[in-house]
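Novice: If you want the working numbering, it's the position in the sequence shown, counting the first as 1, plus 100.
Idealized CB from N, CA, C, for every residue including glycine.
Computed from a predicted structure; not experimentally measured.
Can you keep this structure in mind? I'll have questions shortly.
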Amino acid sequence: MECTVHWAPSTGMGFVAETGSGHLLNMDGAPEGGGRDLAPRPMETLLAGAGGCTAYDVVLILKRGRHAVTGCQVKLQAERAATDPKVFTKIHMHFTVSGKGIPASAVERAIAMSHDK
């Protein structure tokens, strides 16, 4: 997997990522940091990616278990370090999975499998 990120100087603190699959992803900094609030912040993008990865895993695991999944939502809340580098120090994920007759134990197992990998 690969990705190339380019700074777009004309945007202030905007960046464009080109993924290995050829998709473009815009990111921008906060106005107080020189950005223009035109796109998600890089750390928001990282958090969204983590949510997308685990949601994908959970749905795929449940489908492979032949469960009738009709929806999956992950709400993420994160805390960051107060000083640079302001890394994530805690990420809480709350899953809402819907479907017909899916045992809670199957959902819990799918979430655990996603987080353990």
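Counting C-beta neighbours from all protein chains within 10 Å, is the total for His-167 16 or more, i.e. buried, or is it exposed?
Specialist: With 16 or more other Cβ atoms within 10 Å, it is buried.
Novice: For Ile-161, name the three-state secondary structure that DSSP assigns.
Specialist: Note: Ile-161 maps to helix in three-state DSSP.
Novice: Given Lys-186, which residues of its chain have a CB within under 8 Å of its CB, disregarding the five upstream and five downstream residues?
Specialist: Cβ within range, chain order: Met-143 and Arg-180.
Novice: Does the distance from the CB of Met-101 to the CB of Asp-157 come in under 9 Å?
Specialist: Contact: no.
Novice: Just checking my contact of Gly-114 with Arg-141 at CB under 8 Å: how many whole Å lie between their CB atoms?
Specialist: Incorrect: roughly 11 Å between the Cβ atoms, too far for contact.
Novice: Would you call Ala-155 buried or exposed, if buried means 16 or more other Cβ atoms sit within 10 Å of its Cβ?
Specialist: Looking at its Cβ environment, which holds 16 or more other Cβ atoms inside 10 Å, Ala-155 is buried.
Novice: For Asp-216, is the classification buried or exposed, using 16 other Cβ atoms within 10 angstroms of its Cβ as the cut-off for buried?
Specialist: Per the 10 Å Cβ criterion, exposed.
Novice: Just mark Gly-149 as buried or exposed, buried being the case when its beta carbon has 16 or more other beta carbons within 10 Å.
Specialist: It counts as exposed.
Novice: From what residue to what residue does the beta strand (DSSP E) around Val-174 run?
Specialist: That run of the beta strand (DSSP E) goes 168-180.
Novice: Would you identify the three-state DSSP class for Val-187, choosing helix, strand or coil?
Specialist: It is coil, neither helix nor strand.
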